[in-house]
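**Q** Just so we're aligned: the sequence shown equals residues 77 to 299 in my numbering.
Can you read through this structure? Questions will come right after.
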Amino acid sequence: MDVMTGNELIAIPPGQLTLSDRRTQRSWSVEVAPYRLAALPVTQALYAQITGRRPSTAQGDRLPVESVSWWDAARFCNALSQRDGFTPAYHFLADGEGIEWDASADGYRLPTEAEWEHACRAGTTGPRYGKLDEIAWYRGNSHERLHDVGGKRPNAWGLYDMLGNVWNWCWDVYDAEVYGTYRVLRGGGWFDEHWSCRASARRRSHPTFQVDDVGFRIARSFG
Numbered sequence: 077m078d079v080m081t082g083n084e085l086i087a088i089p090p091g092q093l094t095l096s097d098r099r100t101q102r103s104w105s106v107e108v109a110p111y112r113l114a115a116l117p118v119t120q121a122l123y124a125q126i127t128g129r130r131p132s133t134a135q136g137d138r139l140p141v142e143s144v145s146w147w148d149a150a151r152f153c154n155a156l157s158q159r160d161g162f163t164p165a166y167h168f169l170a171d172g173e174g175i176e177w178d179a180s181a182d183g184y185r186l187p188t189e190a191e192w193e194h195a196c197r198a199g200t201t202g203p204r205y206g207k208l209d210e211i212a213w214y215r216g217n218s219h220e221r222l223h224d225v226g227g228k229r230p231n232a233w234g235l236y237d238m239l240g241n242v243w244n245w246c247w248d249v250y251d252a253e254v255y256g257t258y259r260v261l262r263g264g265g266w267f268d269e270h271w272s273c274r275a276s277a278r279r280r281s282h283p284t285f286q287v288d289d290v291g292f293r294i295a296r297s298f299g
């Protein structure tokens, strides 16, 4: 797998799952359509190739890009779509504060949190798709630093680093009534304890924040 030039996209089958939020004790069922998800988080090499920028705190071509905002991730998706000849999925509004997702577009995008969790579980029903030390970099084994992508065992669908290393931005707003425009993060990071590295764990962040344990991976819809 060539992390320098791009990410292999894995075909994710359709499914149904129940999402839950511990803070509100709320749960809801979601149908997930088939789509494609990158096998790896976006690397610093690919991010620099597309944007000309290296924003990460820790530097290394094979490291996942971090210290990128949700807006940075969305703009990257459009830029990569344009490079590869696809229709961009996102339309940025003139006020600079709004965005629309064209669900009919074939370009790259961020996964929804339902898509992300469905892909992370890969048919499993427990909190994780394997033993944590074998599948993830987290506080218990990371030595409090970021690690190259793809260094741990993938899940059954061939996805690496779904838990640990960096949190993944998702498309969804976390809770508009309470947190406004804050967006959902999934997956846990290199500095998190084991309880944050679960398929169901949710975190939120303002879409302009850039944090050194937050990155993203790309998705595409099937036409």
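Each residue gets a CB set at the ideal place from its N, CA and C atoms; glycine is no exception.
Keep in mind the model is a prediction, meaning the values are calculated, not measured.
Express the C-alpha separation of L208 and L156 in angstroms, rounding to a whole number.
**A** For the purposes of this step, residue 156 is identified with residue 80 of the sequence shown, where counting begins at 1. For the purposes of this step, residue 208 is identified with residue 132 of the sequence shown, where counting begins at 1. Between L156 and L208, the C-alpha separation is close to 32 Å.
**Q** Let me check one thing: in DSSP terms, what residues is I86 bridge-paired to?
**A** By one-based count along the sequence shown, residue 86 stands at place 10. Per DSSP, L113.
**Q** Which value, in whole angstroms, describes the spacing of the CA atoms of T81 and Q135?
**A** For the purposes of this step, residue 81 is taken as the residue at position 5 of the sequence shown. For the purposes of this step, residue 135 is taken as the residue at position 59 of the sequence shown. Note that T81 scores 49 on pLDDT, short of 50, meaning its location in the model is unreliable; the coordinates nonetheless yield the value given after this. T81 and Q135: Cα-Cα distance of roughly 17 Å.
**Q** Report the CB separation of L95 from A295 in whole angstroms; it is logged as a contact under 8 Å.
**A** By one-based count along the sequence shown, residue 95 stands at place 19. By one-based count along the sequence shown, residue 295 stands at place 219. Actually they are not in contact, since the Cβ atoms of L95 and A295 sit about 17 Å apart, beyond 8 Å.
**Q** Return the CA-CA distance between S143 and A149, expressed in angstroms with no decimal places.
**A** Residue 143 sits at position 67 when you count from the first residue of the sequence shown. Residue 149 sits at position 73 when you count from the first residue of the sequence shown. Computed Cα separation, rounded: 10 Å.
**Q** Are the CB atoms of G216 and H167 within a distance shorter than 8 Å?
**A** Residue numbering aside, residue 167 sits at position 91 when the sequence shown is read from its first letter. Residue numbering aside, residue 216 sits at position 140 when the sequence shown is read from its first letter. No, the Cβ-Cβ distance between H167 and G216 is not below 8 Å.
**Q** Could you round the C-beta distance between W243 and G264 to whole angstroms and report it? I think they count as a contact, below 8 Å.
**A** Sequence index remark: in the sequence shown, residue 243 carries index 167 (1-based). Sequence index remark: in the sequence shown, residue 264 carries index 188 (1-based). Sure, about 6 Å apart at Cβ, within 8 Å.
**Q** Write down every uninterrupted run of the alpha helix (DSSP H) in the stretch 229 to 273 whose length is 4 residues or greater and which is fully enclosed by it, in chain order.
**A** Listed in chain order, they are 252 to 255.
**Q** When you compare the CB positions of T284 and S132, do they come within less than 8 Å of one another, or not?
**A** Position 208 of the sequence shown, counting from 1, holds the residue named residue 284. Position 56 of the sequence shown, counting from 1, holds the residue named residue 132. Not a contact, by the Cβ cut-off of 8 Å.
**Q** Can you name, in chain order, every residue of its own chain whose Cβ lies under 8 Å from the Cβ of Y250, other than the five neighbours on each side?
**A** Position 174 of the sequence shown, counted from the first residue, corresponds to residue 250. Answer for Y250: Y258, R259, V260, R278, R280, listed in chain order.
**Q** First and last residue of the beta strand (DSSP E) that includes T94?
**A** Taking the sequence shown and counting its residues from 1, one reaches residue 94 at position 18. 91 to 97 is the span of the beta strand (DSSP E), which, as asked, contains T94.
**Q** What's the C-alpha gap between E59 and L116?
**A** The structure shown does not extend to residue 59, since the chain is modelled only from 77 through 299, so no value can be given for it.
**Q** On the three-state DSSP scale, how would you describe I126?
**A** What you label residue 126 is simply residue 50 of the sequence shown in a count that begins at 1. Residue state, collapsed to three classes: helix.
**Q** Tell me the DSSP secondary structure of E176 in three-state form.
**A** For the purposes of this step, residue 176 is identified with residue 100 of the sequence shown, where counting begins at 1. Here E176 sits in strand by DSSP.
**Q** Please report the straight-line C-alpha distance between R293 and Y184, rounded to a whole angstrom.
**A** Counted from its first residue, the sequence shown places residue 293 at position 217. Counted from its first residue, the sequence shown places residue 184 at position 108. Going by the C-alpha atoms only, they are around 10 Å apart.
**Q** Here's the rule: buried if 16 or more other CB atoms are within 10 angstroms of the residue's CB, otherwise exposed. What is L169?
**A** The sequence position of residue 169 within the sequence shown is 93, counting from 1. Exposed.
**Q** Are S276 and E191 closer than 8 Å when you measure CB to CB?
**A** Along the sequence shown, read from residue 1 onward, the residue named residue 276 stands at position 200. Along the sequence shown, read from residue 1 onward, the residue named residue 191 stands at position 115. Taking 8 Å as the Cβ cut-off, S276 and E191 do not qualify as a contacting pair.
**Q** Excluding five sequence neighbours on each side, which residues of the same chain lie with their C-beta closer than 7 Å to the C-beta of S103?
**A** Numbered from its first residue, the sequence shown carries residue 103 at position 27. Cβ within range, chain order: T94, L95, S96.
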